[in-house]
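> Protein chains in written order, with the working numbering: chain P, 72 to 230; chain R, 72 to 230. One structure, as structure tokens, below. Some questions next.
This is the structure we're talking about:
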């Protein structure tokens with residue numbers, strides 16, 4: 072083995088430093104505002120909202136709590152599915168709880184990125200969780216997406 | 072100012088190390104395979120391809136060279152625009168050269184992320200550029216997306 076001199080220390084610790092940085096930063100530090108609609112909204116209006124707000128996913132609520140997620144992919148599927156998008160509510164086509172991957176604001180960014188990659192989603196709703204009568208209710212307080220991650224990357228590159 | 076002792080060195084250089092790492096890694100090291108269609112493909116078939124390949128954007132070629140890009144957003148707009156997606160070719164709805172942000176395989180990843188954020192796109196076609204009679208022609212050899220960036224993030228966190 073070739074002798075490791077001079078830069079030995081930096082070489083070994085490089086990934087460690089990056090890892091520590093990403094593990095110490097919290098989701099709440101880089102999350103965006105969520106875009107919310109209720110289950111009764113028509114698919115057509117959800118599409119219009121998606122364009123107006125320029126987001127990749129919209130979170131759907133019922134009585135103020137997270138009940139579903141609808142993505143560009145879901146909406147595209149609805150539009151070619153032959154249904155009347157002016158009549159069908161998003162509640163009928165969205166991905167529904169408990170099949171939604173959520174995050175809490177105090178989790179580390181590295182946790183969030185891992186969830187996004189593992190579950191192949193574009194973003195995670197960031198939630199405050201309440202427990203009432205033994206059931207969990209999630210209030211959506213943010214959104215963390217691949218775009219937030221990419222922005223953090225640019226920042227870390229030290230513009 | 073409070074005296075900086077002990078961790079002074081690491082503190083100053085942390086961002087530097089991350090930055091150096093991302094600037095030394097090349098696009099070619101993390102890019103994915105591109106999904107290509109020709110301009111004559113119908114919008115409907117482009118949508119089907121997008122679902123089958125599970126990508127956020129498809130690159131469109133003409134005579135083997137990059138001529139356009141079509142994203143989920145573009146396709147969603149087409150489907151609600153009232154046009155006959157079984158007849159309209161993607162060549163009529165795509166974003167066309169020279170309005171496409173491209174990257175070359177030897178650029179650094181930090182360059183790529185900056186372009187993605189600045190131009191608000193989901194991915195960049197990675198191209199080999201040829202010059203014929205003073206005109207540039209781009210052959211698509213890869214794709215770098217926010218997903219590749221997020222995956223690199225997970226990797227850097229040292230799973």
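For each residue, glycine too, the CB sits at the ideal point set by N, CA and C.
Pull up the distance between the alpha-carbon of residue 213 of chain P and that of residue 224 of chain R, whole angstroms please.
If I take the Cα positions, the gap works out to 21 Å.
> Would you call the CB atoms of residue 131 of chain R and residue 109 of chain R closer than 9 Å?
Yes, the pair counts as a contact, with Cβ atoms nearer than the cut-off.
> Find the residues of chain R that neighbour residue 221 of chain P, judging by a C-beta separation of less than 7 Å, and give them in chain order.
Result: 184, 187, 188, 217, 220.
> Rounded to whole angstroms, what's the CA-CA distance from residue 235 of chain R to residue 206 of chain P? Just pull it up for me.
Nothing can be reported for residue 235 of chain R: it is not among the residues displayed for chain R, which extend from 72 to 230.
> Counting only runs that start and end within the region 81-144 of chain P, where is the alpha helix (DSSP H) found for 4 or more residues in a row?
Counting only runs of 4 or more, we get 98-101, 114-124.
> Roughly how many whole angstroms lie between the Cα atoms of residue 103 of chain P and residue 123 of chain R?
So the two alpha carbons sit approximately 30 Å from each other.
> Where residue 114 of chain R and residue 95 of chain P are concerned, what is the direct C-alpha to C-alpha distance, given to the nearest angstrom?
Near 45 Å, if we compare the C-alpha coordinates of residue 95 of chain P and residue 114 of chain R.
> Residue 195 of chain R and residue 143 of chain P: beta carbons closer than 9 Å?
Taking 9 Å as the Cβ cut-off, residue 195 of chain R and residue 143 of chain P do not qualify as a contacting pair.
> Assuming residue 97 of chain R and residue 219 of chain R form a contact by the criterion Cβ under 8 Å, report the distance between their Cβ atoms to the nearest whole angstrom.
In fact, because the Cβ distance is near 12 Å, the residues do not count as touching under 8 Å.
> Return the first residue and the last residue of the beta strand (DSSP E) that residue 206 of chain P is part of.
Looking at the DSSP string, the run of the beta strand (DSSP E) that includes residue 206 of chain P is 206-216.
> According to the Cβ coordinates, are residue 199 of chain P and residue 216 of chain P closer than 9 Å?
Not closer than 9 Å, so no.
> Measure the C-alpha to C-alpha separation of residue 167 of chain R and residue 139 of chain R and round it to an integer number of angstroms.
Straight-line Cα distance between these residues: approximately 4 Å.
> Could you spell out where the alpha helix (DSSP H) holding residue 201 of chain R opens and where it closes?
Where residue 201 of chain R is concerned, there is no enclosing alpha helix (DSSP H), although the beta strand (DSSP E) it sits in stretches over 194-203.
> Can you tell me which residues form a DSSP beta bridge with residue 222 of chain P?
In DSSP, residue 222 of chain P forms no bridge with anything.
> Could you give the first and the last residue of the continuous alpha helix (DSSP H) run that contains residue 179 of chain P?
Per DSSP, residue 179 of chain P belongs to no alpha helix (DSSP H) and is neither H nor E.
> May I ask you to list, following chain order, the residues of the region 148-164 of chain R that have a beta carbon less than 8 Å from some beta carbon of chain P?
Here the close residues are 148, 150, 151, 156.
> Under the assumption that residue 210 of chain P contacts residue 135 of chain P (Cβ atoms under 8 Å), give the Cβ distance between them as a whole number of angstroms.
Contact holds; Cβ gap of about 7 Å.
> Are residue 93 of chain R and residue 90 of chain P touching if we call contact CB-CB under 9 Å?
Result no, Cβ atoms of residue 93 of chain R and residue 90 of chain P do not sit closer than 9 Å.
> Could you give the DSSP three-state label for residue 166 of chain R: helix, strand or coil?
Looking at residue 166 of chain R - three-state DSSP - the assignment turns out to be strand.
> Enumerate in chain order the residues of its own chain whose CB-to-CB distance from residue 156 of chain P is below 8 Å, with the five nearest sequence positions on each side excluded.
113, 114, 115, 118, 149, 150.
> Between residue 140 of chain R and chain P, is any beta-carbon pair separated by less than 9 Å?
Answer no: the Cβ-Cβ gap between residue 140 of chain R and chain P never drops below 9 Å.
> Relative to the C-alpha of residue 111 of chain R, which residue among R/121, R/187, R/127, R/158 is closest?
Residue R/158 is the option with its Cα nearest to residue 111 of chain R.
> Nearest to residue 164 of chain R by alpha carbon, out of R/154, R/203, R/172?
Nearest of R/154, R/203, R/172 to residue 164 of chain R, Cα basis: R/154.
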